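Numbering of the sequence shown is given in my numbering, commencing with residue 8 and proceeding in unit increments.
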Amino acid sequence: MCKKILELILGRPELPPLPEVFLGLQKLMNNPDCEVEDVCRLLKTDPVLSGCIITIS
Numbered sequence: 008m009c010k011k012i013l014e015l016i017l018g019r020p021e022l023p024p025l026p027e028v029f030l031g032l033q034k035l036m037n038n039p040d041c042e043v044e045d046v047c048r049l050l051k052t053d054p055v056l057s058g059c060i061i062t063i064s
């Protein structure tokens, strides 16, 4: 069973890296001094994510 799982994992193409904005957002969320303006400034750099947020709101 473990051999089969290992074959599946190793045979799969590499997952794409997270967009830079998500990494920056994670960093901001871990910062206790983070302000809403900081998050907004970061989100403005990704038009697709901004569009999704507007659609949800």
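We put the CB at the ideal spot given by N, CA and C, even for glycine.
If you're wondering where the values come from, they're calculated on a predicted model, not measured in any experiment.
CYS41 and LEU35 have their C-alpha atoms roughly 6 Å apart. Distance from the CA atom of THR62 to the CA atom of LEU17, rounded to whole angstroms, is 37 Å. Residue environment: LEU30 is assigned as exposed (fewer than 16 neighbouring CB atoms within 10 Å of its CB, all protein chains considered).
About 7 Å separates the beta carbon of LEU32 from that of VAL46, a gap short enough to meet the 8 Å contact definition. Shown here for LEU50: same chain residues with a beta carbon closer than 8 Å to its own, the five before and five after excluded, namely VAL28, LEU32, LEU56, SER57 and ILE60 in chain order.
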